[in-house]
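In what follows, a structure is listed as structure tokens, so that the remarks can point back to it.
Protein chains: 2
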Amino acid sequence: MATIYDVAKRAGVSPKTVSRVLNGDAPVSARTKKAVTEAMDALGYVPSHAARSIKSNKSGLIGLITGAISNADEVATPAGLPELFIVQGAQAVIEHSQKTLLISDTGGRLDRVPDLIRTFQEHRVEGLLYIADYHKPLDLALPGHDIPKVLVNCFDDLGTPAVVPDDEGGQYALTKEVIAKGHRRIAYLTLAPAMEATKLRLRGFKRAVAEAGIAFDADLVQPTDLFGSPGEHQLIWDALDKFFSGDTPPTAICCGNDRLAMAVYGILRRRGIAVPEEVSVVGYDDHRLISETLYPALTTAELPYSAMGARAAQLLLQILSGGAAAPENRVRIGGEVKRRASLVAPEIQNTKKIISFKGRTET
Amino acid sequence: MATIYDVAKRAGVSPKTVSRVLNGDAPVSARTKKAVTEAMDALGYVPSHAARSIKSNKSGLIGLITGAISNADEVATPAGLPELFIVQGAQAVIEHSQKTLLISDTGGRLDRVPDLIRTFQEHRVEGLLYIADYHKPLDLALPGHDIPKVLVNCFDDLGTPAVVPDDEGGQYALTKEVIAKGHRRIAYLTLAPAMEATKLRLRGFKRAVAEAGIAFDADLVQPTDLFGSPGEHQLIWDALDKFFSGDTPPTAICCGNDRLAMAVYGILRRRGIAVPEEVSVVGYDDHRLISETLYPALTTAELPYSAMGARAAQLLLQILSGGAAAPENRVRIGGEVKRRASLVAPEIQNTKKIISFKGRTET
DNA sequence: CGGTGTCATGACATCGGTGTCATTGCGTGC
DNA sequence: GCACGCAATGACACCGATGTCATGACACCG
Numbered sequence: 239m240a241t242i243y244d245v246a247k248r249a250g251v252s253p254k255t256v257s258r259v260l261n262g263d264a265p266v267s268a269r270t271k272k273a274v275t276e277a278m279d280a281l282g283y284v285p286s287h288a289a290r291s292i293k294s295n296k297s298g299l300i301g302l303i304t305g306a307i308s309n310a311d312e313v314a315t316p317a318g319l320p321e322l323f324i325v326q327g328a329q330a331v332i333e334h335s336q337k338t339l340l341i342s343d344t345g346g347r348l349d350r351v352p353d354l355i356r357t358f359q360e361h362r363v364e365g366l367l368y369i370a371d372y373h374k375p376l377d378l379a380l381p382g383h384d385i386p387k388v389l390v391n392c393f394d395d396l397g398t399p400a401v402v403p404d405d406e407g408g409q410y411a412l413t414k415e416v417i418a419k420g421h422r423r424i425a426y427l428t429l430a431p432a433m434e435a436t437k438l439r440l441r442g443f444k445r446a447v448a449e450a451g452i453a454f455d456a457d458l459v460q461p462t463d464l465f466g467s468p469g470e471h472q473l474i475w476d477a478l479d480k481f482f483s484g485d486t487p488p489t490a491i492c493c494g495n496d497r498l499a500m501a502v503y504g505i506l507r508r509r510g511i512a513v514p515e516e517v518s519v520v521g522y523d524d525h526r527l528i529s530e531t532l533y534p535a536l537t538t539a540e541l542p543y544s545a546m547g548a549r550a551a552q553l554l555l556q557i558l559s560g561g562a563a564a565p566e567n568r569v570r571i572g573g574e575v576k577r578r579a580s581l582v583a584p585e586i587q588n589t590k591k592i593i594s595f596k597g598r599t600e601t
Numbered sequence: 239m240a241t242i243y244d245v246a247k248r249a250g251v252s253p254k255t256v257s258r259v260l261n262g263d264a265p266v267s268a269r270t271k272k273a274v275t276e277a278m279d280a281l282g283y284v285p286s287h288a289a290r291s292i293k294s295n296k297s298g299l300i301g302l303i304t305g306a307i308s309n310a311d312e313v314a315t316p317a318g319l320p321e322l323f324i325v326q327g328a329q330a331v332i333e334h335s336q337k338t339l340l341i342s343d344t345g346g347r348l349d350r351v352p353d354l355i356r357t358f359q360e361h362r363v364e365g366l367l368y369i370a371d372y373h374k375p376l377d378l379a380l381p382g383h384d385i386p387k388v389l390v391n392c393f394d395d396l397g398t399p400a401v402v403p404d405d406e407g408g409q410y411a412l413t414k415e416v417i418a419k420g421h422r423r424i425a426y427l428t429l430a431p432a433m434e435a436t437k438l439r440l441r442g443f444k445r446a447v448a449e450a451g452i453a454f455d456a457d458l459v460q461p462t463d464l465f466g467s468p469g470e471h472q473l474i475w476d477a478l479d480k481f482f483s484g485d486t487p488p489t490a491i492c493c494g495n496d497r498l499a500m501a502v503y504g505i506l507r508r509r510g511i512a513v514p515e516e517v518s519v520v521g522y523d524d525h526r527l528i529s530e531t532l533y534p535a536l537t538t539a540e541l542p543y544s545a546m547g548a549r550a551a552q553l554l555l556q557i558l559s560g561g562a563a564a565p566e567n568r569v570r571i572g573g574e575v576k577r578r579a580s581l582v583a584p585e586i587q588n589t590k591k592i593i594s595f596k597g598r599t600e601t
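Protein chains in written order, with my numbering: chain A, 239 to 601; chain B, 239 to 601.
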């Protein structure tokens, strides 16, 4: 690879002058500039990042640690793949900041994190984004005390800046939406009770129900945690069985995430219960691959991963530029309720169970 | 950040000796080694990658270009998210090679690729993996002639090494599986006809059908291309309508991908046709989020993205180490047929349409 | 006991850029 | 006509590592 010396020799100037043309930080005559530019083109010269950063002591790199790439085939992980949207959001912001994102993957193994951070340190990253696969307390002590960090989708109790989803607010808004349609008997198939998201969302669910003057019925809340395990479908089956064997079955079912809703669709079909004609179903996440493709399309609460990534990146850049020192160290990002065909008013349920195949119109 | 000089001063040795301890490339007395190690720990010293690479003229970096991260919410893209599994496969191999993967994202915009490659050149990447979002001819001329490259999920006509899925073989094997169950009337909802995958898979489908002595019925093949568009469900609905309004409706439906199969499940349910009791359904991709979660679970052909990524990375590393110059420049990777509940023999169809809700056992 | 080989270590140059300071040439004001 | 200022450029040191070569201290051999 050509160096600045090669360019200088070819253009008949000193290396320093080539440097000036590159950076435009000092006056260079038009003639000289032209000669240098031509020499650079002829040689295919590209400046060496390494040489620059060694002198300036600035790498222009932002490290990002995620398990998303390796978790991608881990159906067992509750949130699963969408974590990548966080990466996407961060990438979009970093891209506009003259910095380069260095993405590393844990390979799903937390014990690799220290190695990854070590590699980042070798590259002298200026800041670090740590992305958890789902909303939870940080599950390890991050080394690299001197690197500014922003946590995403997780949080610690040391005051490290963190960006998390507003799970309570999201489930609250979604439940309000269900209630607004007229539902009073609302079942809730939650994710694992120990999960942060489950705790927060259940709080939002209860708040919405209470505000509507509906008595909370614990029998209508069932955890279905064995995600991706062979017994999962059976667990959901049993939970639905409980709901529908009671005297007053629910007219709407909230699901812990869209994936769960997808399984519920299939099991309800086998059970002979039509969605949304006999029961409305809503999810959580707005995993569009699921929510938009399911038939009928799924009403769900958006898990604002992309916005979280973007916000975290902004926060980090702000910290790096010496900006306002963490005003609040945990930022909660809210998402929208996505209204689709799976949620309808209970009054119109049971009125159009027979749908003609032909002549049907798309809603 | 501490330098090798700081460490040397603290340990009372020369910088070169510290270097020797770091690299273990020359004998150092045990006493000295201990002093140096302690100094490094005390100062939190981490060697500078930039300084190393400037001297050795080796960056140890492999560039990877993908649109996966940004495409992640693009339901409209046929293959969509799974492209990430390619990244995962590559990552896993690179990780074991003492190299660091530099991942960049096109943001879905091909015109950004030259910029990304320029950034890679500044970092002096030693090789480049270019990953397309679905199997297709390379859609742009890649700059950076002097960088060894491997294409993944795409190919050009310049002889650049490429790793692609064996679409024909995959559909052939899957169709053979359907036929082996006893099906003779097999419908096929394809992806867009112009797609590479569609052409190849259709070839595999026809080959399997022909080998079984089944006459190819063009009416049973319907393209359903408007992916993710609002009219998509309608298009599938119409195609299914055609299939089932004939005299001898199909007993099995092959779908262009798992997402399509998911939509088919919902529409068949609305139509009152049970899967797999009345019709078997198979997909393509083995997008596990879908194939394992759908109820009943989906029989499908694996799109071996992870293996493709791994193979491509191996190939690139081999080229970098001056290994065998591209023996064959297009490597086709085959995937397995994943047998799940959605495909059953036609004889047993229609025999168990009524399933009791309770007492059911998981298969 | 002197020559020789090995071990352990350091001095110095070098990689590809950039910061600092010096130098040259030319127009301008008095 | 001379001092001065500014534009344009170059010489040189330096960033943090490592390669090359030299050096001093021993041990071993004849």
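A virtual CB, placed ideally from N, CA and C, is assigned to each residue, including glycine.
Is the CB of G322 (chain A) under 8 Å away from at least one CB in chain B? Per the sequence presented here, residue 322 (chain A) reads as Leu, with Gly not at that position. L322 (chain A) counts as touching chain B.
Under the three-state reduction of DSSP, which class applies to H373 (chain A): helix, strand or coil? The answer is strand: DSSP assigns H373 (chain A) an E or B state.
Is there a Cβ from chain A that is less than 8 Å from the Cβ of G345 (chain B)? So, interface residue.
Across which residues does DSSP place G556 (chain A) in a beta bridge pair? For clarity, residue 556 (chain A) is Gln in the given sequence; the question names Gly instead. Per DSSP, none; premise fails for Q556 (chain A).
Assign H683 (chain B) to buried or exposed, taking buried as 16 or more other Cβ atoms, counted over all protein chains shown, within 10 Å of its Cβ. The question about residue 683 (chain B) has no answer, for chain B in this structure spans 239 to 601.
Indicate whether at least one CB of chain B lies closer than 8 Å to the CB of E574 (chain A). Not closer than 8 Å to any Cβ of chain B, the Cβ of E574 (chain A) fails to qualify, so no.
CB C492 (chain B) to CB V502 (chain B), shorter than 8 Å? With respect to the 8 Å criterion, C492 (chain B) and V502 (chain B) are not classified as neighbours on the basis of their beta carbons.
Taking just the CA atoms, how far does L281 (chain B) sit from T537 (chain B)? Cα atoms of T537 (chain B) and L281 (chain B): separation of roughly 57 Å, rounded to the nearest angstrom.
Could you please give the first and the last residue of the uninterrupted beta strand (DSSP E) stretch that includes K387 (chain A)? Where K387 (chain A) is concerned, the enclosing beta strand (DSSP E) stretches over 387 to 393.
For the structure I just gave you, are there three or more beta carbon pairs, one from the segment 329 to 344 of chain A and one from the segment 395 to 407 of chain A, closer than 8 Å? Under the Cβ criterion (8 Å, minimum of three pairs), the segment 329 to 344 of chain A does not count as touching the segment 395 to 407 of chain A.
Once DSSP output is grouped into helix, strand and coil, what is the label at Q460 (chain B)? DSSP places Q460 (chain B) in strand when its eight states are reduced to three.
With a cut-off of 8 Å on the beta carbons, I'd call S580 (chain B) and V520 (chain B) a contact; round off their distance for me. Rounded, the Cβ-Cβ distance is 6 Å, consistent with contact.
Any beta carbon from chain A within less than 8 Å of T462 (chain B)'s own beta carbon? By this cut-off, T462 (chain B) is not an interface position.
With a threshold of 8 Å between beta-carbons, can Y503 (chain A) be considered close to chain B, or not? So yes, Y503 (chain A) belongs to the interface.
Going by C-alpha to C-alpha distance, which of B:A535, B:R248, B:Y543 sits closest to I571 (chain B)? If we check each option's Cα against that of I571 (chain B), B:Y543 comes out closest.
List, in order along the chain, the chain A residues whose C-beta lies closer than 8 Å to that of I292 (chain B)? Neighbours of I292 (chain B) on chain A, chain order: S286, A288, A289, I292.
P584 (chain A) (DSSP reduced to helix, strand or coil): In this structure, P584 (chain A) counts as helix in the three-state DSSP scheme.
Sequence-distant residues of its chain with Cβ nearer than 8 Å to I511 (chain A) (five each side left out): Around I511 (chain A): F482, V517.
Return the chain-ordered list of same chain residues with a C-beta closer than 6 Å to the C-beta of Y283 (chain A), the five sequence neighbours on each side being excluded. Correct list, in chain order: A240, V245.
If you draw a straight line from the C-alpha of P352 (chain B) to the C-alpha of E566 (chain A), how long is it? Rounded to whole angstroms, P352 (chain B) to E566 (chain A) spans 39 Å at the Cα level.
Looking at C-beta atoms only, is the number of pairs between the segment 439 to 451 of chain A and the segment 411 to 423 of chain A that lie closer than 8 Å three or more? Contact between the segment 439 to 451 of chain A and the segment 411 to 423 of chain A is present, because at least three Cβ pairs lie under 8 Å.
Nearest candidate by alpha-carbon position, reference L367 (chain A), set A:A583, A:G561, A:L555: Looking at the Cα atoms, A:L555 is the closest of the given residues.
Given F454 (chain B), which residues of its chain have a CB within under 8 Å of its CB, disregarding the five upstream and five downstream residues? Answer for F454 (chain B): K444, V447, A448, listed in chain order.
Counting only beta-carbon separations shorter than 8 Å, does M239 (chain A) have a partner in chain B? M239 (chain A) counts as touching chain B.
Given this structure, state the Cα-to-Cα distance separating V388 (chain A) from G301 (chain B), to the nearest angstrom. C-alpha separation (whole angstroms): 25 Å.
Hey, does L527 (chain A) have any beta-carbon neighbour from chain B nearer than 8 Å? Answer yes: the Cβ-Cβ gap between L527 (chain A) and chain B drops below 8 Å somewhere.
Kindly indicate which residue of B:L378, B:D394, B:A477, B:V582 has the alpha-carbon position closest to the one of V459 (chain B). If we check each option's Cα against that of V459 (chain B), B:A477 comes out closest.
Go ahead and pull the three-state DSSP assignment for G407 (chain B). DSSP, read as helix, strand or coil, puts G407 (chain B) in helix.
Identify the continuous alpha helix (DSSP H) that holds I528 (chain B) and give its terminal residues. Start and end: 526 to 529.
Using a beta-carbon distance below 8 Å, is Q336 (chain B) in contact with chain A? Taking Cβ atoms only, chain A never reaches closer than 8 Å to Q336 (chain B), which makes this a no.
Checking contacts by CB at 8 Å: is P386 (chain A) closer than that to chain B? Not one chain B Cβ lies under 8 Å of P386 (chain A).
Rounded C-alpha distance that separates R497 (chain B) from R549 (chain A): Looking at the backbone, the Cα of R497 (chain B) and that of R549 (chain A) are separated by about 31 Å.
Using beta carbons (cut-off 8 Å, strictly below), is Y533 (chain B) in contact with chain A? Yes, Y533 (chain B) lies at the interface with chain A (some Cβ there is under 8 Å from its Cβ).
Tell me which same chain residues have a C-beta within less than 8 Å of the C-beta of T270 (chain B), skipping the five on either side of it? Once the five neighbours on either side are set aside, the close Cβ partners of T270 (chain B) are A249, V251, T255, V259.
Check the Cβ of L429 (chain B) against every Cβ in chain A and list those closer than 7 Å, keeping chain order. Within 7 Å Cβ-Cβ: nothing; L429 (chain B) doesn't reach chain A, min ~14 Å.
Check the DSSP bridge columns for L322 (chain B) and list the partner residues they point to. DSSP, once it has assigned bridges, lists no residue as partnering L322 (chain B).
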